[in-house]
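A.B. asks:
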Amino acid sequence: SIRGVCCLLCALVLWDSFSTCLLSPEKNVALKGTATQSSQYDSYGAAGNAIDGNRNTKYTDGSCTHTKQDSKPWWRLDLQDVFTVTSVTITNRGDCCSERIDRAEIRVGNSLDDNGNQNPLYTVLLSLLCNWTMGRYVNVVLPEPDFLTLCEVEVNGHASSGWCW
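According to mature numbering (1 follows the signal peptide of the UniProt record, and there is no 0), the sequence shown holds residues -21 to -1, 1 to 144 in order.
(1) What are the boundary residues of the beta strand (DSSP E) that W53 is part of?
(2) Can you confirm whether the segment 42 to 49 touches the segment 83 to 92 when touching is taken to mean that 3 or more C-beta pairs between the two stretches lie within less than 8 Å?
(3) So if DSSP puts V119 in a beta bridge, which residue, or which two residues, is it bridged to?
(4) For N33 and C130, what's the separation of their Cα atoms in angstroms?
(5) Which residues mark the beginning and the end of the beta strand (DSSP E) in which T15 is found?
(6) Quick one, are the C-beta atoms of W53 and Q19 less than 9 Å apart?
(7) Could you tell me whether the Cβ atoms of S90 and G136 are closer together than 9 Å?
(8) Between D93, F62, D74, G95, which has its C-alpha nearest V134's C-alpha?
(9) Using CA atoms only, rank isn't needed, just tell me which of R72, Y38, T68 is closest to K6.
(10) Could you pull the DSSP bridge partners for D49 from this structure?
(11) Please report how far the alpha carbon of D31 lies from the alpha carbon of L10, in whole angstroms.
(12) Less than 8 Å between the CB atoms is what I'm expecting for F126 and Q48, so what's the real figure, rounded?
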């Protein structure tokens, strides 16, 4: 993917800038986390569905989240520890309504202020940033009234104890 290439380039720049690199292996750290969201639309749309390891994009198959039409809907992942986040991949709903995710913000940090929605901005969907950031919480928030549906959220990262210098 374009994002994967971008982050690979960032990794190469970091490697070239530092003489020693002690990063733990990168993996999808979302799978061991816990998820919550601003509301739940119905019995199919539980927050934990986005971290079940299933990229199925059909909502009624039970592997996607879905909020009610909130004024600022959000979904939050608690990674249970602080990680260096190198990429976030979201699988969007495929059976309808794919435009709802447009302009969603991904935020990564350690604060639960405003349900984690005040953490530093990692990226806005439809733009491409190449960030590495550290945090325990990963939020996906729509800054305007709508429904929020996510079918899978993968957070690749390293244990926070590993770093380059």
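No residue lacks a Cβ here, since even glycine has one placed at the ideal position from N, Cα and C.
Note that the coordinates shown come from a computational prediction; the quantities given were computed from them, not determined experimentally.
C.D. replies: Let me spell this out:
(1) 53 to 70
(2) No: fewer than three Cβ pairs fall under 8 Å.
(3) Under DSSP, V119 forms a beta bridge with W54, I85.
(4) Across the structure, N33 and C130 are spaced so that their CA atoms are roughly 8 Å apart.
(5) Start and end: 13 to 16.
(6) no
(7) no
(8) F62
(9) Distance check between K6 and each of R72, Y38, T68 places T68 closest, using alpha-carbon atoms only.
(10) D125
(11) 7 Å
(12) 5 Å
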